[in-house]
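Just so we're aligned, residue 34 is where the sequence shown starts under the numbering used here, counting upward by one. By construction, the Cβ of each residue, glycine as well, lies at the ideal position given by its N, Cα and C atoms. Note that the coordinates shown come from a computational prediction; the quantities given were computed from them, not determined experimentally. This report refers to the structure that appears directly beneath it.
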Amino acid sequence: MNYLKNKKILITKSAEDCGAVFNNLISMGAQFIYFPTIKIVPTYNSLDLSGLVSNSDHFDYIVFTSSNSVEVFSKLVNEYKPDLTRTKVAAVGETTAEACRLHGIYIHIIPEEFSARGLLKRFSEIDITDKRILIPGSSISSDELKNGLSAFGATVVKLNIYDTVINDPENFINEIDSLNSIKPDLFVFTSPSSFNGFIKILNLDDYKNYFQDRIICAIGTTTEEAIRNNGITVNIVPGSYSLRGIAESIATFYSKTFNVA
34 MNYLKNKKIL ITKSAEDCGA VFNNLISMGA QFIYFPTIKI VPTYNSLDLS
84 GLVSNSDHFD YIVFTSSNSV EVFSKLVNEY KPDLTRTKVA AVGETTAEAC
134 RLHGIYIHII PEEFSARGLL KRFSEIDITD KRILIPGSSI SSDELKNGLS
184 AFGATVVKLN IYDTVINDPE NFINEIDSLN SIKPDLFVFT SPSSFNGFIK
234 ILNLDDYKNY FQDRIICAIG TTTEEAIRNN GITVNIVPGS YSLRGIAESI
284 ATFYSKTFNV A
């Protein structure tokens, strides 16, 4: 069934980030617009940061909450070479876990629900009293996980190793011109920052009207909440908070719509 034929789908990721995940949708006629609204800027040049990473083997657990945190932290590990053989690793979801595997990092913990809440539920089943836990991430990441783990009795260090900044609009001149004349049928936002970045890059004042009658997909509940807080309806949230989960959810959504029609 070509129920995706000529459907234009904008995702706030680069084609490189997406890889072959959406090939099945493309084979069914979907047309993807890759629009990475944010970029990652490492912040690991400070002396304090390098010292902490050098001693990261003193931690019982390292918790990765995104593939970005894995990518940047892996560079730090290669540079400062801490001994992590006794440190257990937790990943928030399958995409993050896959990034760990690509860097040779063994995963000990992955929750059933790919979210901070899911990780906290998993850690609630483990005695982490007086355990030291390192959470490398961005400067704007939520404190939900840190606070939750601290409540379980752990000593938690949240390490800011990168900043999330809005991409330069000059990198999207052709895409912006296209979006001014042709609006996508579906928008996929992969983080609250990617949503905010899209609004700013397109300089949307009346963004509620802009998204009216369009399908909105959020990668998870945190992104969904951020979008809804701006008065915009979210139509799709995958059960698996990953790019693969997004692909499956989009196919299911349009399949049901096609059958109803």
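Item: Cβ contact (3+ pairs, closer than 8 Å) linking the region 236-250 and the region 264-272; Value: yes
Item: Backbone CA spacing between E257 and A123 [nearest angstrom]; Value: 24 Å
Item: C-beta contact flag for T197 and S226 at 8 Å; Value: yes
Item: Bridge partner(s) assigned by DSSP for K41; Value: Q64
Item: Alpha-carbon spacing of D201 relative to E208, whole angstroms; Value: 13 Å
Item: Inter-residue spacing [alpha-carbon to alpha-carbon] between E203 and S47; Value: 15 Å
Item: The beta strand (DSSP E) enclosing G170, as first and last residue numbers; Value: R165 to S171
Item: Neighbourhood of S275 by C-beta, 8 Å cutoff - its chain only, sequence neighbours within 5 removed; Value: G126, E127, T128, F147 and I252
Item: As assigned by DSSP and simplified to three states, the class of P202; Value: helix
Item: Within 8 Å, strictly: CB atoms of V189 and S183; Value: yes
Item: Nonlocal neighbours in the same chain, by C-beta distance under 7 Å from N39, ignoring five residues either side; Value: G62 and Q64
Item: F97 to I168 span [Cα, whole Å]; Value: 6 Å
Item: CB contact flag (F228, A259, <8 Å); Value: yes
Item: Contact set for S282: own chain, Cβ-Cβ below 6 Å, skip 5 residues either direction; Value: I269 and P271
Item: Where T254 sits in the DSSP three-state scheme; Value: helix
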